[in-house]
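So the protein lines, in turn, are chains A and B. Note that the numbering used here numbers the first sequence so that position 210 is 211, with each residue one more than the last. Note that the numbering used here numbers the second sequence so that position 169 is 170, with each residue one more than the last. Positions of the beta carbon are idealized from the N, C-alpha and C atoms, including for glycine.
Number of protein chains: 2
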Amino acid sequence: MKATTRLSPSTEDYLKAIYEIEVQQGTAQTSAIAEVLAIAPPSVTGMVKRLSESGLLEHTPYKGVQLTRVGRRSALRMVRRHRILEVYLTSKLGYDWDSVHEEAERLEHAVSDELIERMALALGHPRYDPHGAPIPSKEGVIEEPVLVPLSEVPIGSMAELRQVSDRDAERLRYLAQLGLRLGAAFEIVARQPFRGPVTVRLSGRLPKEQVVGHELASSLGCLLRGKEVG
Amino acid sequence: MKATTRLSPSTEDYLKAIYEIEVQQGTAQTSAIAEVLAIAPPSVTGMVKRLSESGLLEHTPYKGVQLTRVGRRSALRMVRRHRILEVYLTSKLGYDWDSVHEEAERLEHAVSDELIERMALALGHPRYDPHGAPIPSKEGVIEEPVLVPLSEVPIGSMAELRQVSDRDAERLRYLAQLGLRLGAAFEIVARQPFRGPVTVRLSGRLPKEQVVGHELASSLGCLLRGKEVG
DNA sequence: TTGCTGAATTAGTAATAACTAATTCTATTG
DNA sequence: CAATAGAATTAGTTATTACTAATTCAGCAA
């Protein structure tokens, strides 16, 4: 219940994971947390109990958890740290978008608030990380943009790639290789039913068609730009 | 005994502390380690046992410990990390010499070797940290310069301040205020007996005399420049 | 309503690394 | 050479946070 107890790195990981699951799924279940953190479910139950006793989240047994205001605040602090670090490592130290996540994951527990603010200042207070994820303000305000998964963009639409998941380095390397970088514009040419692949035609000097599997497509956040009338 | 087991942050702290005590005192006693790490002596005994079982150091009970080759290698890796971080934070992010130590102390456990090498490259492979301490090479080679504590510089000599301890931020702020920065040149004017203070005359546009207490003086590493014949 | 399935929880254990209190050793001193 | 002070160690405990195995619960289907 104490307001100013330092959180352990484990606690920080839980809060951030729960925040990210809440954004995607609304409520965070034990098994989802366990999967994100690569931890056995009983370990999650135990930790969740401690976190709810500290007032960081509310636990409805057998249902799931929700961050309290205090918990969300701490989670957003970690999200800010992670994303500022990713931008810094990419812009100032030559990291690629597929390798920053792992480094930031460790550093986010060790940096001071001061260092993060110095980095943010040196970067000109960036609004998005290298994967297009929005960066919360120091005060814990975040603007989650409304994006549509590529797997759900209507056929014939023009769309722009705005955000990708940073979890899997292999996936990021593959995307770069396909030409699917942030800001890439394309038309959705076709989509196979039954969770089948999506075909897109990338705009550019020589337009290229690419086929993207359903799972990958559902991890790509797109901004719709209206129908192609050509 | 396994060669490639990751070391815990605690282990890394012990090895670095022991290395630094060895440099100063030749051999590291339990109580010295306890003091540097701000830990109770029995905790040190316990950890030392584990570390010697892992082959990182040799423990002669009731006498003290010595790093093995493997232990020294790991210690120097931490020393390199710490010092590169200090230079980076100072040169690239505007930290002062009195505030970098604490930040580096946390970061040294979290950064990857790759990040350290990227920082070293961005800095042009610096040889000294902001407090004048030499930076070991990636391969674990360090050149400990031969310096004389200010408390032992003969009266009448000219000397240059080359290295200061980074442990105490207050002390560093005080030194800066006195005008005792790295590279500062001065003549030793007087020294009181019985561990008394040292009086130095700083060179510069308007030479100034400063009195430095014995304890502080013994933490300042000086390079002798010969007698003043003026 | 009963039973099943999968998710979640409880129970019990282990590793790491700290602590205090009590004991033992080393080295010095008379 | 015995007494003793101070350093070091042993003994026993605590807090975190993970694990596996066993049990319990929620929600759906028959």
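To which residues of the same chain is Ser32 of chain B closer than 7 Å at the C-beta, ignoring the five residues directly before and after it?
Pro42
With a threshold of 8 Å, are at least 3 pairs of Cβ atoms found where one atom belongs to the stretch 129-139 of chain B and the other to the stretch 83-91 of chain B?
yes
Does DSSP put Ser44 of chain B in a helix, a strand or coil?
In the structure shown, Ser44 of chain B sits in a helix (DSSP, three-state: H, G or I).
Could you check where the beta strand (DSSP E) with Lys17 of chain A kicks off and where it finishes?
Taken as a continuous stretch (DSSP letters only), Lys17 of chain A belongs to no beta strand (DSSP E), being part of the alpha helix (DSSP H) at 10-26.
Bounding residues of the alpha helix (DSSP H) (the contiguous stretch that carries Arg107 of chain B)
101-108
Proximal chain B residues relative to Val112 of chain A, where beta-carbon distance stays under 9 Å:
For a Cβ distance threshold of 9 Å, residue set Glu104, Arg107, Leu108, Ala111 of chain B lies close to Val112 of chain A, ordered along the chain.
Is it the case that the Cβ atoms of Gly222 of chain A and Gly157 of chain A are separated by a distance below 9 Å?
Judged by beta-carbon spacing, Gly157 of chain A lies beyond the 9 Å limit of Gly222 of chain A, meaning their Cβ atoms are not closer than that value.
Apart from the five residues on each side of it in sequence, which residues of its chain come closer than 8 Å, Cβ to Cβ, to Val101 of chain B?
Leu86, Glu87, Leu90, Thr91, Pro131, Asp167
How would you label Gly72 of chain B, buried or exposed, when you count the other beta carbons within 10 angstroms and need 16 or more for buried?
buried
Close beta carbons around Leu176 of chain A, own chain, < 7 Å, minus the five adjacent residues each side
Val165
Taking 7 Å as the limit between beta carbons, can you name the residues of its chain near Ser152 of chain A, skipping five residues before and five after?
The residues are Val199, His215, Ala218, Ser219.
Determine the chain B residues that contact Leu94 of chain A at a beta-carbon separation under 8 Å, and present them in chain order.
Leu116, Arg119, Met120, Ala123
Tell me, please, whether the CB atom of Leu90 of chain B is closer than 9 Å to any CB atom in chain A?
yes
Identify, in the order they occur along the chain, each residue of the same chain with its Cβ nearer than 6 Å to the Cβ of Gly180 of chain A, setting aside the five sequence neighbours on each side.
Excluding positions up to five away in sequence, the list reads Leu203.
Do you know whose CA, among A:Leu148, A:Ser113, A:Arg163, lies nearest Lys139 of chain A's CA?
A:Ser113
Delimiting residues of the alpha helix (DSSP H) encompassing Val71 of chain A:
70-94
Taking Leu68 of chain B as the reference, give the member of B:Val24, B:Glu104, B:Asp97 with the closest Cα.
B:Val24
Roughly how many whole angstroms lie between the Cα atoms of Val213 of chain A and Glu21 of chain A?
24 Å
In angstroms with no decimal places, state the Cα-to-Cα distance between Val45 of chain B and Ser75 of chain B.
18 Å
Which residue or residues does DSSP assign as beta-bridge partners of Leu173 of chain A?
Leu173 of chain A is not bridged to any residue.
Considering only their Cβ atoms, is the gap separating Ala170 of chain B from Gln103 of chain B smaller than 9 Å?
At residue 103 of chain B the sequence reads Glu, which differs from the Gln that was named. Yes.
Arg51 of chain B versus B:Glu13, B:Met79, B:Gly27, B:Arg78, residue with shortest Cα-Cα distance
B:Glu13
Three-state secondary structure (DSSP) of Val154 of chain A:
coil
Enclosing beta strand (DSSP E) for Val147 of chain B [first to last residue]
Careful: Val147 of chain B lies outside any beta strand (DSSP E) and carries neither H nor E.
Quick check on DSSP: helix, strand or coil for Val49 of chain B?
helix
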